[in-house]
């Protein structure tokens, strides 16, 4: 069994890895969206955390962080 420290270290390393995916959905009224990553996993993001105007189907690179409700995409860049 992993200790909290070991899991924290793993997540810190994992989060710094750039991932690739495409924008699956953007809901401007709620200020959120979802990215489908290379493993077909949906990862949420907040529109306020991106500078780009993102639309469904856009290819992006991003990092992940562990948020209150699970994994969240951050540092999203359109490619």
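Numbering (the UniProt record's numbering), first residue to last: 1 to 79.
Virtual Cβ for every residue (Gly too), placed ideally from N, Cα, C.
Cα-Cα separation between residue 39 and residue 51, rounded to whole angstroms: Stepping through the chain shown from its first residue, residue 39 is reached at position 39. Stepping through the chain shown from its first residue, residue 51 is reached at position 51. If I take the Cα positions, the gap works out to 25 angstroms.
Coil, strand or helix - residue 66 by DSSP: Taking the chain shown and counting its residues from 1, the one referred to as residue 66 is at position 66. Strand at residue 66.
Residue 20, enclosing beta strand (DSSP E) - first and last residue: Translated into positions along the chain shown, residue 20 becomes position 20. Taken as a continuous stretch (DSSP letters only), the beta strand (DSSP E) holding residue 20 covers 19 to 27.
Cβ-based burial, residue 56 [other Cβ within 10 Å; buried from 16]: The count along the chain shown starts at 1 and reaches residue 56 at position 56. Flag for residue 56 reads exposed.
Span of the beta strand (DSSP E) around residue 36: Working through the chain shown from its first residue, we reach residue 36 at position 36. 32 to 37 is the extent of the beta strand (DSSP E) around residue 36.
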